[in-house]
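Presented below is the structure to which this report refers.
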Amino acid sequence: MLLRSSLLCLVMLSFTATGCDMLSGDKSKKSAKDDDDDDDKPKKKKKKKDDDDTKASASSSAGEVKTDATASGDPTAASTATGTATATGTTTSGTMAPAGCEAYFKALDCMVTKVPAQSQQQMKDGFEQAKSSMKQIPADMAANVCKQALDGMQESLKTMGCATGGTESTPPMTGTPPPPPPPVATSTTPGGKSAVPTAEEWAAQTKEIGVLNSTKLNCESKQVREWIRVSCKGKNDTGGTPTAVSVTKGGGRGDDFTFASNGVASLVYRWYEGQLLEADFKWTDKTKTLVVAWPRGAPEPPVRGIFK
Numbered sequence: 015m016l017l018r019s020s021l022l023c024l025v026m027l028s029f030t031a032t033g034c035d036m037l038s039g040d041k042s043k044k045s046a047k048d049d050d051d052d053d054d055k056p057k058k059k060k061k062k063k064d065d066d067d068t069k070a071s072a073s074s075s076a077g078e079v080k081t082d083a084t085a086s087g088d089p090t091a092a093s094t095a096t097g098t099a100t101a102t103g104t105t106t107s108g109t110m111a112p113a114g115c116e117a118y119f120k121a122l123d124c125m126v127t128k129v130p131a132q133s134q135q136q137m138k139d140g141f142e143q144a145k146s147s148m149k150q151i152p153a154d155m156a157a158n159v160c161k162q163a164l165d166g167m168q169e170s171l172k173t174m175g176c177a178t179g180g181t182e183s184t185p186p187m188t189g190t191p192p193p194p195p196p197p198v199a200t201s202t203t204p205g206g207k208s209a210v211p212t213a214e215e216w217a218a219q220t221k222e223i224g225v226l227n228s229t230k231l232n233c234e235s236k237q238v239r240e241w242i243r244v245s246c247k248g249k250n251d252t253g254g255t256p257t258a259v260s261v262t263k264g265g266g267r268g269d270d271f272t273f274a275s276n277g278v279a280s281l282v283y284r285w286y287e288g289q290l291l292e293a294d295f296k297w298t299d300k301t302k303t304l305v306v307a308w309p310r311g312a313p314e315p316p317v318r319g320i321f322k
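Quick note on numbering: the sequence shown equals residues 15 to 322 in this note's numbering.
Printed below as a string of structure tokens:
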């Protein structure tokens, strides 16, 4: 009996010690966890602060971009300006002028604004057709044609207030527009094709017409009715003499004739609206191409041809 009581006491003592150890262990674990949590708090605070700084920096950058884009108060400051520049040589009608024809095209545009409103569209349509035709001939010829045409229009341009190609000098007219100039006697006027001029008729014509670059080649150019003769003889500017001439483009239908003999080369052709002809003149030292062009729908060019 005494033994059983002793054993029971030992068991109780053992249980009590174990329970205390377990409780002590739990408390130790809790204390350690609390210590760890205390250690993590500064780290979490630092991480939160870093995140807040990053967001603030991003927000600040976005604000700076927005401020830069709108600082001037101009809503288009952050975008590229488009559709406001006008290409060089473009007239108000939108037709690109060939090089050397800008002033001539502007003068035509100005003239449209000076006639009564009911006549403007008809005049504009005619000018647009003429402008389009100018682009069908060689650039150097177009430039010369435009220059000479502009020179011949100066008096009319001054009267209409378009001497410099502007549109602000005088208000539009309200009366009847000035009458058109008298028609030039060409093959397009009533009467049809005339006879080829005789040698006597050519000899009687002493006035020369405009064929560019013909003088230095020692070529003379004459016109009788709608017929033009370009005749080259003697030595050119480099000492060569004429040997041959041939039509290489256009022609035919009895509208052109060539002659080459004894140091003379001549081309006779009709001058009419829609004419486009090219002919090669050959000398002993070089070859030059005569280009003849009167675009359909365009005013009669003051230049009757150009050697290229």
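Ideal Cβ positions, reconstructed from N, Cα and C, are used throughout, including at glycine.
For the structure I just gave you, are there three or more beta carbon pairs, one from the region 305-315 and one from the region 229-238, closer than 8 Å?
Contact between the region 305-315 and the region 229-238 is absent: fewer than 3 CB-CB pairs across the two stretches fall below 8 Å.
May I have the straight-line CA-CA distance separating Leu-291 from Ala-144, to the nearest angstrom?
Their backbone Cα atoms lie some 19 Å apart in a straight line.
Would Thr-127 be called buried (16 or more neighbouring beta carbons within 10 Å of its own) or exposed?
In summary, Thr-127 is buried, with 16 or more beta-carbon neighbours lying within 10 Å of its beta-carbon over all protein chains present.
Rounded separation between Pro-256 and Ser-275 - CA only:
Cα to Cα, the separation comes out at about 9 Å.
C-alpha gap between Ala-258 and Ala-218, whole angstroms
For Ala-258 and Ala-218, the distance between alpha carbons rounds to 26 Å.
Supposed close pair Gly-253, Asn-232 - CB separation, criterion 8 Å
With a beta-carbon spacing of about 11 Å, Gly-253 and Asn-232 fall beyond the 8 Å limit used to define contacts.
Applying the criterion that 16 or more other CB atoms from any shown protein chain within 10 Å of the CB defines a buried residue, is Asp-123 buried or exposed?
The residue in question, Asp-123, is buried, as its Cβ has 16 or more Cβ neighbours within 10 Å.
Grab the span of the alpha helix (DSSP H) containing Glu-234 for me, first residue to last.
Careful: Glu-234 lies outside any alpha helix (DSSP H), inside the beta strand (DSSP E) at 233-238.
Measuring CA to CA, which of Ile-242, Lys-161, Arg-267 is closest to Glu-116?
Looking at the Cα atoms, Lys-161 is the closest of the given residues.
Interface flag, Val-282 vs chain D, CB-CB below 8 Å
In the displayed structure, chain D is absent; only one protein chain is listed.
Inspect the beta-carbon positions of Ala-163 and Ala-113 and report whether they are closer than 8 Å.
Going by C-beta atoms, Ala-163 is not nearer than 8 Å to Ala-113.
To the nearest angstrom, how far is the alpha carbon of Met-174 from that of Asn-250?
About 45 Å.
List the residues that DSSP assigns as beta-bridge partners of Ser-280.
According to DSSP, which records beta bridges pairwise, Ser-280 is partnered with Ser-245, Phe-273.
Taking the straight line between their C-alpha atoms, what separation do you get for Ser-183 and Lys-120?
Confidence is the limiting factor: at Ser-183 the pLDDT is only 40, short of 50, which leaves the residue's position unreliable and the question unanswerable from this model.
Identified DSSP bridge partners for Asp-294:
In the DSSP assignment, Asp-294 is bridged to Ser-260, Thr-303.
For Lys-296, I'd like the list of residues in its chain whose CB is within less than 6 Å of its CB, leaving aside the five on either flank, ordered along the chain.
Excluding sequence neighbours, Lys-296 sits near Thr-257, Ala-258.
For Gly-206, tell me which candidate among Asp-294, Trp-285, Pro-315, Thr-303 has the shortest Cα-Cα distance.
Closest option to Gly-206, Cα to Cα, is Trp-285.
What is the residue span of the alpha helix (DSSP H) that Lys-172 lies within?
Unbroken alpha helix (DSSP H) run through Lys-172: 168-174.
Indicate the three-state DSSP secondary structure (helix, strand or coil) for Val-317 in the structure shown.
Residue state, collapsed to three classes: coil.
I need the straight-line Cα distance from Glu-314 to Asp-299, nearest angstrom please.
Going by the C-alpha atoms only, they are around 34 Å apart.
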